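Here's the structure, in structure tokens; my notes come after.
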Amino acid sequence: MVKDPGVSYIEIGPQERRLRKEATLDKPITFSWDVPYQWNELTPKAFNKNGELIYEYRFAKTNVTKAEDLRWYSTKEE
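Mapping to the working numbering: the sequence shown position 18 is 525, numbers consecutive.
So this is what it looks like as structure tokens:
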């Protein structure tokens, strides 16, 4: 569910089957494929209307996999 009005669309999925959907505030977005993928192949990313990456769904650090750290992170904070 998108809470940031700056998010225009979200892309998710492996490179060869990447999906893009427009974002609407406070409405859930659902993605699905006809074949299974590992969660770490999906690499969700949120973009603004200019196509600039503004959020990534990931762990806080690449070597730490605590469930509570898996969330959307701003690319501007880094």
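Each residue gets a CB set at the ideal place from its N, CA and C atoms; glycine is no exception.
Everything numeric in this text was worked out from a predicted model, so none of it was measured.
For Ile-517, the uninterrupted beta strand (DSSP E) run begins and ends at 516-519, by DSSP. Straight across, the Cα-Cα distance linking Trp-540 with Glu-563 is about 20 Å. Taking all protein chains in view, the Cβ of Ala-530 is crowded by 16 or more other Cβ atoms within 10 Å, so the residue is classified as buried. Check the Cα spacing between Pro-521 and each of Asn-557, Thr-550, Ser-515 and Gly-513: the tightest is with Thr-550.
The three-state secondary structure of Ala-553, taken from DSSP, is strand. According to DSSP, residue pairing for Leu-577 in a beta bridge does not occur.
Scanning its chain for C-beta atoms nearer than 7 Å, with the 5 sequence neighbours on each side dropped, one finds around Pro-535 the residues Met-508, in chain order. For Glu-529, the secondary structure class from DSSP, reduced to helix, strand or coil, is strand.
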